[in-house]
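Inspection log for the structure reproduced underneath, given as C-alpha cells.
There are 2 protein chains.
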Amino acid sequence: MTVSVEIINIGDELLIGQVVNTNASWMGSMLSNAGFDVRKIIAISDNEEEIEMALEESIGKIDVVLMSGGLGPTKDDITKKVLSKYFQSEMYFHKEAFVHIQELFKARGFQVSELNKKQAYLPTKAKAIPNRNGTAYGMWFEQKNTIVIAMPGVPFEMKTMMENEILPRLISKFQPQEYAELTLMTTGLGESFLAQKIEEIETKLPKDMKLAYLPRPGIVRLRLSIRGVEKQKLEKELQITANQIIEVLGKNVVYGYNEDALEQVLGNLLMRNSLTMATAESCTGGKIAHKITSVAGSSAYFQASIVSYSNEAKNHYLAVKSSDLEQYGAVSEQVVLQMAKGARKALKVDYAVASSGIAGPDGGTSEKPVGYTWLAVAGPYNSIAILHQFGEHRGRNIERASLAALNMLRIMILEDKSS
Amino acid sequence: MTVSVEIINIGDELLIGQVVNTNASWMGSMLSNAGFDVRKIIAISDNEEEIEMALEESIGKIDVVLMSGGLGPTKDDITKKVLSKYFQSEMYFHKEAFVHIQELFKARGFQVSELNKKQAYLPTKAKAIPNRNGTAYGMWFEQKNTIVIAMPGVPFEMKTMMENEILPRLISKFQPQEYAELTLMTTGLGESFLAQKIEEIETKLPKDMKLAYLPRPGIVRLRLSIRGVEKQKLEKELQITANQIIEVLGKNVVYGYNEDALEQVLGNLLMRNSLTMATAESCTGGKIAHKITSVAGSSAYFQASIVSYSNEAKNHYLAVKSSDLEQYGAVSEQVVLQMAKGARKALKVDYAVASSGIAGPDGGTSEKPVGYTWLAVAGPYNSIAILHQFGEHRGRNIERASLAALNMLRIMILEDKSS
C-alpha cells in the first residue's frame with residue numbers, strides 16, 4: 001500500500017532563511033527509504049493560525065503528518081498549545097517526563113527551571129513519545145485516519161526520536177510499499193547531452209521507474225527510483241537499467257554511484273594500485289589538492305602540490321621553460337604539459353595533473369576568453385593536455401576545472417591498467 | 420503594507436531528501452530582507468496534480484507565489500507545461516530566448532539540441548523573464564491579485580534571476596515595509612563565548628531590534644535586524660549597536676560585515692598595502708591556497724603554495740630540517756615555524772602561513788589526538804605559531820584550520836601596519 005506523508009516544519013527561522021531546513025531533507029530521506037510516499041514538505045512560522053490551517057488542509061487527506069519544531073520552553077514555541085487546542089485536549093502532568101527532565105539537568109549540573117517544568121505537561125489525547133536527548137517530549141495524535149506526530153526541531157533530538165520511536169512505530173503500523181533508488185554519478189557531459197545519449201533507454205523505462213537529472217557544477221547525477229512490492233526485485237530492476245545507461249555513456253562519464261565523490265573514487269583507484277600523485281596548479285589555485293586531501297587516508301597516495309600562481313614559481317619549481325612562458329603564455333598547451341611533467345619528475349610520483357586557465361572575472365582576451373582552461377595529466381606511459389572552455393564565473397570555473405582534471409587522471413589510470 | 424509571499428519548490432529530490440532545499444532559505448532570506456512577509460515554504464514533487472493543488476490553495480489568498488524548479492529540458496521537468504495548462508495559455512516561440520540559448524551553447528562550443536530548442540517555447544499569458552546563466556526562461560503570471568512566478572531550480576540560475584529580475588520588479592510594484600539588517604562576521608570565538616562577552620549589549624538592545632547567532636565552522640555571524648518606517652534611521656540604529664559589539668569583541672574577532680569572506684578581507688588588506696604572500700600547507704592540503712585564490716584578482720598578491728603532504732616535500736621545498744622532523748614530528752611547533760619561514764624565503768614573499776596537524780579521522784595519538792593542529796605565520800618582523808585543538812571531523816578541521824590561519828595572517832599584518 002502507498003502511505004502518504006506530509007512534513008510540517010515550524011519556525012520563523014526557516015521562513016526568513018536564517019536556518020536551512022536540513023530536518024526536512026533528513027526526514028524525507030528516512031521516510032522514502034522506508035517506503036513512505038513523501039508528498040509535501042511545508043515550512044511555516046510559529047503562528048497559531050498558520051499551524052491550524054496547515055493541519056486543516058491535511059487531516060483526512062494524508063495518512064501521516066510529521067511536525068517538527070516549536071516545542072521548546074520559550075514564549076515563541078507554541079506548537080504544543082496549538083495542537084492540544086486543535087484536538088480539544090486537556091493537559092496533564094506526565095511524571096515520567098518530569099523525572100527525565102530532572103535527570104537531564106542534573107547530568108549538566110543545572111537546576112530545573114519553572115519554564116522547563118512546564119514541558120512535563122502533555123495533552124491527554126496524545127501518546128507521549130520519549131525524547132532521549134532533550135526536554136521536549138514528542139506527541140502522537142490520531143484523527144479521521146490521519147496520524148499527527150509532533151517532534152522537537154533541534155536536529156539532534158528529532159533524529160534520535162525519529163530513528164528510535166517514530167519510524168519503527170510507523171513501519172509496524174503501515175508496512176508501506178517498498179521503494180528503491182540508485183543514482184549514477186556522471187561528469188563531463190551536460191544534462192541535455194546526457195539526455196540525448198540515453199533517450200532510448202529513458203523512453204523505455206520499466207513501469208513505475210523514474211529517471212531524474214540532478215545537475216551541479218561539473219557533475220550530473222542520474223537518479224533512478226522505483227516503487228513496488230519486493231525490495232530485492234526492485235533493486236535488481238534498477239541495476240539492470242543502470243547497467244544499460246553505463247553501457248551507453250561509458251565509464252569515462254559514469255564515475256560512480258550514490259553520491260560518490262570523484263576524489264574518493266580516484267583515491268580508491270590510486271590506493272588499490274599503489275600509485276602516487278601530485279598536482280601542479282595555476283588557475284585551480286590549490287582546489288584539486290584540497291579535494292584530493294579532503295579524503296581520509298589520502299596521505300597514502302598524495303605527495304604534494306605546487307600551486308604556482310606566478311610565472312617564476314612555474315619556472316623554478318616545475319621547470320617550465322621561461323622561453324615557452326614568453327612565447328606561448330602561461331595558459332597554453334605547452335606550459336600546462338610542462339607543468340604536469342615537471343611536477344611528476346620533481347615530486348617523484350606516478351601521476352601528476354596540472355591546470356592553467358583564465359578563471360576570471362578579469363584577464364580574458366578575445367583569443368583566450370575567461371573560462372579558457374588547459375588541463376594536463378602526465379603519467380608513466382604518456383602525457384595529455386585538453387582544452388576546455390568553461391563559463392564566466394570564477395568559482396564555477398575553478399570547480400569545473402578541478403573535477404575535469406580529477407576525471408582526466410581517473411581515465412588515464414583506467415586506460416593504463418587495462419592496456 | 421504587508422505583502423504575503425509563498426515559496427513553492429518543485430522537485431522529487433527535495434522530498435526524498437537527496438537535495439537540501441537551500442533555494443528556499445536563500446529566497447526566504449532575500450525576500451525578508453526586502454520587507455516581504457514569507458508565510459509558507461512548500462516542497463512538492465514534479466507531479467501535475469500536486470503543482471495544481473498547491474496553486475489552487477494560494478491563488479487569491481497570497482500576494483506573490485514564487486516557484487522554482489522543473490523548468491529543465493528533460494522529461495521529468497513539467498512545471499512549464501502545468502502552468503500554461505493551469506493559466507489556460509498557448510505556447511509561442513520566443514525568438515529572443517532562442518537566440519540566447521544559441522549564444523550560451525556557442526560560447527561553450529556546442530550545438531543547440533532539439534530538447535534545448537523546446538525551451539524557447541513559452542506561454543502566451545506569462546511575461547518572459549531572462550535567464551542570464553541558463554537556458555530556461557522564467558515566467559511571470561498574474562491572476563486574481565496573485566502573482567505567480569516560475570524560476571529554474573538550479574541555484575546559480577535562480578539566484579541571478581531573483582537578484583536582477585524578480586526582486587527589483589516586486590519591490591517596485593509593492594514597496595513593502597522597510598527592513599534593515601547588518602551582520603558582523605566573527606572568527607575565533609564560539610557562540611557561547613561571544614554571547615557571554617556581549618551579554619550586556621544584548622539585554623539592552625533597542626526596541627524592535629533582534630540579534631541572531633548564526634554559526635558555521637570557524638565563523639559565527641551576528642545578525643542584527645530591525646523593521647520600521649525609515650530605512651536610513653534603521654540603518655543608523657543598527658550601526659550604533661554594531662559599533663558597541665565591535666568595541667567589546669575587538670577587530671581580531673570581528674573581521675568584517677555582511678557575508679564578507681575572510682579571504683576577501685585579507686586580500687583587500689594585502690592589496691592595499693602592496694604585500695605578497697604564500698602558503699605552506701600540510702593538514703589543510705591546499706585549502707588555504709584555494710580560499711585565497713577564490714578571490715578575483717588574487718594573483719596580485721598570491722605567489723604560490725607548497726602543499727607538502729610528505730616529509731620529503733617539507734624538507735626539499737621548505738628547508739625543514741630532517742633532524743627536526745625526526746625529533747619533533749611533522750606536527751610540531753618547530754616544524755610548522757620552519758615551514759612558514761621556509762616558504763617565505765623560497766617564494767620571496769612578505770608573508771607566509773603554514774599548517775601542520777592531524778586532520779583525522781585516523782592518525783591521532785594520546786599525545787597528539789585528531790584535531791591537534793599547529794599553525795604559523797612568518798612575516799618581515801617576526802614569526803608566530805599557535806596550537807589549536809579542533810574536533811574529530813576531517814572536513815571541519817581542515818576548514819577551521821584554514822580560517823584560523825587566514826585570521827592569524829590578517830592580525831599580524833594589522834599589527835605590523837599599526838606599529
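Residue numbers (my numbering), protein chains in the order written: chain A, 1 to 419; chain B, 420 to 838.
In this text, a Cβ means the ideal position worked out from N, Cα and C, and glycines have one as well.
Kindly list the residues whose CB is nearer than 6 Å to the CB of Val336 of chain A, restricted to its own chain and excluding five residues on each side of it in sequence; keep chain order.
For the purposes of this step, residue 336 of chain A is taken as the residue at position 336 of the first sequence. Ala354, Ser356, Trp374, Ala376, Ala385, listed in sequence order.
For Met151 of chain A versus Ile166 of chain A, is the C-beta distance shorter than 8 Å?
Taking the first residue of the first sequence as position 1, residue 151 of chain A is located at position 151. Taking the first residue of the first sequence as position 1, residue 166 of chain A is located at position 166. Going by C-beta atoms, Met151 of chain A is nearer than 8 Å to Ile166 of chain A.
I'd like to know if Lys706 of chain B contacts chain A, where contact means its C-beta is closer than 8 Å to some C-beta of that chain.
Counting from 1 along the second sequence, the entry for residue 706 of chain B is found at position 287. True, the Cβ-Cβ gap to chain A drops below 8 Å.
Residue ranges of each alpha helix (DSSP H) run of no fewer than 4 residues wholly in the stretch 138 to 198 of chain A, ordered along the chain?
Entirely contained in the stretch 138 to 198 of chain A, the alpha helix (DSSP H) runs reaching 4 residues are, in chain order, 155 to 161, 167 to 174, 191 to 197.
If you measure between the beta carbons of Met847 of chain B and Ile568 of chain B, is that distance less than 8 Å?
This structure cannot settle anything about residue 847 of chain B, because the visible part of chain B is limited to 420 through 838.
Please list the partners that Asp781 of chain B has in chain A, where partner means a Cβ-to-Cβ separation under 8 Å.
Along the second sequence, read from residue 1 onward, the residue named residue 781 of chain B stands at position 362. The answer, in chain order, is Ala296, Gly297.
Tell me the DSSP bridge mates of Asp456 of chain B?
In the second sequence, residue 456 of chain B corresponds to position 37, counting from 1. Answer by DSSP bridge pairing, in chain order: B:Ser423.
According to DSSP, which residues form a beta bridge with His807 of chain B?
Counting from 1 along the second sequence, the entry for residue 807 of chain B is found at position 388. Beta-bridge pairing links His807 of chain B to B:Thr792.
Just the Cα atoms here: how many angstroms apart are Leu14 of chain A and Glu230 of chain A?
The residue you call residue 14 of chain A lines up with position 14 of the first sequence. The residue you call residue 230 of chain A lines up with position 230 of the first sequence. Near 37 Å, if we compare the C-alpha coordinates of Glu230 of chain A and Leu14 of chain A.
Say whether the stretch 230 to 244 of chain A touches the stretch 205 to 212 of chain A, bearing in mind that this needs 3 or more beta-carbon pairs closer than 8 Å, one atom from each stretch.
Result yes; three or more Cβ-Cβ pairs closer than 8 Å.
What does DSSP give as the partner residue(s) for Gly228 of chain A in the beta ladder?
Taking the first residue of the first sequence as 1, we reach residue 228 of chain A at position 228. Its beta-bridge partners are A:Glu178.
Leu249 of chain A: buried (16+ other C-beta within 10 angstroms of its C-beta) or exposed?
As a position in the first sequence, residue 249 of chain A is number 249, starting the count at 1. By the 10 Å Cβ count, Leu249 of chain A comes out buried.
If you run the structure through DSSP and keep just helix, strand and coil, what is Tyr505 of chain B?
As a position in the second sequence, residue 505 of chain B is number 86, starting the count at 1. Reduced to three states, the DSSP call for Tyr505 of chain B is helix.
So, is the C-beta of Pro215 of chain A closer than 8 Å to a C-beta in chain B?
In the first sequence, the residue the question calls residue 215 of chain A occupies position 215. With 8 Å as the cut-off, Pro215 of chain A counts as an interface residue toward chain B.
So the candidates are B:Thr605, B:Tyr728, B:Tyr505, B:Glu610; which of them puts its Cα closest to the Cα of Tyr676 of chain B?
For the purposes of this step, residue 676 of chain B is identified with residue 257 of the second sequence, where counting begins at 1. Checked all of B:Thr605, B:Tyr728, B:Tyr505, B:Glu610; the closest Cα to Tyr676 of chain B is B:Thr605.
Just checking: is the beta-carbon of Thr493 of chain B within a distance shorter than 8 Å of some beta-carbon in chain A?
Against the second sequence, residue 493 of chain B aligns to sequence position 74. Output row for Thr493 of chain B: interface = yes.
Residues of the stretch 608 to 624 of chain B with a CB closer than 9 Å to any CB of chain A: list them in chain order, please.
So nothing in the stretch comes that close.
Helix, strand or coil, according to DSSP, for Gly395 of chain A in the structure here?
By 1-based counting over the first sequence, the position of residue 395 of chain A is 395. Gly395 of chain A falls in the helix class under three-state DSSP.
For chain B, find out if any of its Cβ atoms is closer than 8 Å to the Cβ of Val307 of chain A; answer yes or no.
On the first sequence, position 307 is the one that residue 307 of chain A refers to. Yes, its Cβ sits closer than 8 Å to a Cβ of chain B.
In angstroms with no decimal places, state the Cα-to-Cα distance between Met161 of chain A and Ala24 of chain A.
For the purposes of this step, residue 161 of chain A is identified with residue 161 of the first sequence, where counting begins at 1. For the purposes of this step, residue 24 of chain A is identified with residue 24 of the first sequence, where counting begins at 1. Roughly 15 Å between the two C-alpha positions.
Say whether chain A places a C-beta atom closer than 8 Å to the C-beta of Val457 of chain B.
To locate residue 457 of chain B, count along the second sequence from 1; it is residue 38. So, interface residue.
Using a Cβ distance threshold of 8 Å, determine whether the stretch 441 to 457 of chain B contacts the stretch 630 to 637 of chain B, with at least three qualifying pairs required.
Counting Cβ pairs under 8 Å, fewer than three are found: no touch.
Where Asp482 of chain B and Gly557 of chain B are concerned, what is the direct C-alpha to C-alpha distance, given to the nearest angstrom?
To locate residue 482 of chain B, count along the second sequence from 1; it is residue 63. To locate residue 557 of chain B, count along the second sequence from 1; it is residue 138. One C-alpha to the other measures close to 18 Å.
Given a cut-off of 8 Å, decide if Ala54 of chain A and Ile8 of chain A are closer than it, judged by their beta-carbon atoms.
In the first sequence, the residue the question calls residue 8 of chain A occupies position 8. In the first sequence, the residue the question calls residue 54 of chain A occupies position 54. In this structure, Ala54 of chain A lies closer than 8 Å to Ile8 of chain A by Cβ.
Could you round the C-beta distance between Tyr317 of chain A and Gly267 of chain A to whole angstroms and report it? I think they count as a contact, below 8 Å.
Translated into positions along the first sequence, residue 317 of chain A becomes position 317. Translated into positions along the first sequence, residue 267 of chain A becomes position 267. Incorrect: roughly 24 Å between the Cβ atoms, too far for contact.
Cβ closer than 9 Å: which chain A residues qualify as neighbours of Ile461 of chain B?
Stepping through the second sequence from its first residue, residue 461 of chain B is reached at position 42. Going along chain A in sequence order, the residues near Ile461 of chain B (Cβ under 9 Å) are Lys40, Ile41, Ile42, Ala43.
If I follow the unbroken beta strand (DSSP E) through Gln722 of chain B, where does it start and stop?
For the purposes of this step, residue 722 of chain B is taken as the residue at position 303 of the second sequence. Run containing Gln722 of chain B: 721 to 727, per the beta strand (DSSP E) assignment.
If we call anything under 8 Å between Cβ atoms a contact, is Ser305 of chain A one with Ala261 of chain A?
On the first sequence, position 305 is the one that residue 305 of chain A refers to. On the first sequence, position 261 is the one that residue 261 of chain A refers to. Contact flag unset, no.
Within the stretch 50 to 103 of chain A, note down every full alpha helix (DSSP H) run reaching 4 residues or more, in order along the chain.
The stretch 50 to 103 of chain A contains these whole alpha helix (DSSP H) runs: 79 to 86.
Can you tell me the Cα-Cα spacing of Gly340 of chain A and Gln757 of chain B, whole angstroms?
To locate residue 340 of chain A, count along the first sequence from 1; it is residue 340. To locate residue 757 of chain B, count along the second sequence from 1; it is residue 338. The displayed chain sequence assigns Ala, not Gly, to residue 340 of chain A. For Ala340 of chain A and Gln757 of chain B, the distance between alpha carbons rounds to 27 Å.
Tell me whether Thr124 of chain A is buried or exposed, calling it buried when 16 or more other Cβ atoms sit within 10 Å of its Cβ.
As a working note, residue 124 of chain A is residue 124 in the first sequence. That one is exposed.
With a threshold of 8 Å between beta carbons, is Ala376 of chain A in contact with chain B?
For the purposes of this step, residue 376 of chain A is taken as the residue at position 376 of the first sequence. No, because no Cβ of chain B sits closer than 8 Å to the Cβ of Ala376 of chain A.
Going by the CB atoms, is the gap between Ile707 of chain B and Ala824 of chain B shorter than 8 Å?
For the purposes of this step, residue 824 of chain B is taken as the residue at position 405 of the second sequence. For the purposes of this step, residue 707 of chain B is taken as the residue at position 288 of the second sequence. Cβ atoms of Ala824 of chain B and Ile707 of chain B: closer than 8 Å.
Return the CA-CA distance between Gln562 of chain B and Lys536 of chain B, expressed in angstroms with no decimal places.
For the purposes of this step, residue 562 of chain B is taken as residue 143 along the second sequence, with counting starting at 1. For the purposes of this step, residue 536 of chain B is taken as residue 117 along the second sequence, with counting starting at 1. Gln562 of chain B and Lys536 of chain B: Cα-Cα distance of roughly 28 Å.
For Ser727 of chain B and Glu471 of chain B, what's the separation of their Cα atoms in angstroms?
Position 308 of the second sequence, counted from the start, is the residue given in the question as residue 727 of chain B. Position 52 of the second sequence, counted from the start, is the residue given in the question as residue 471 of chain B. So the two alpha carbons sit approximately 57 Å from each other.
Can you give the Cα-Cα distance for Lys197 of chain A and Met408 of chain A, rounded to whole angstroms?
Position 197 of the first sequence, counted from the start, is the residue given in the question as residue 197 of chain A. Position 408 of the first sequence, counted from the start, is the residue given in the question as residue 408 of chain A. Whole-angstrom Cα-Cα distance: 21 Å.
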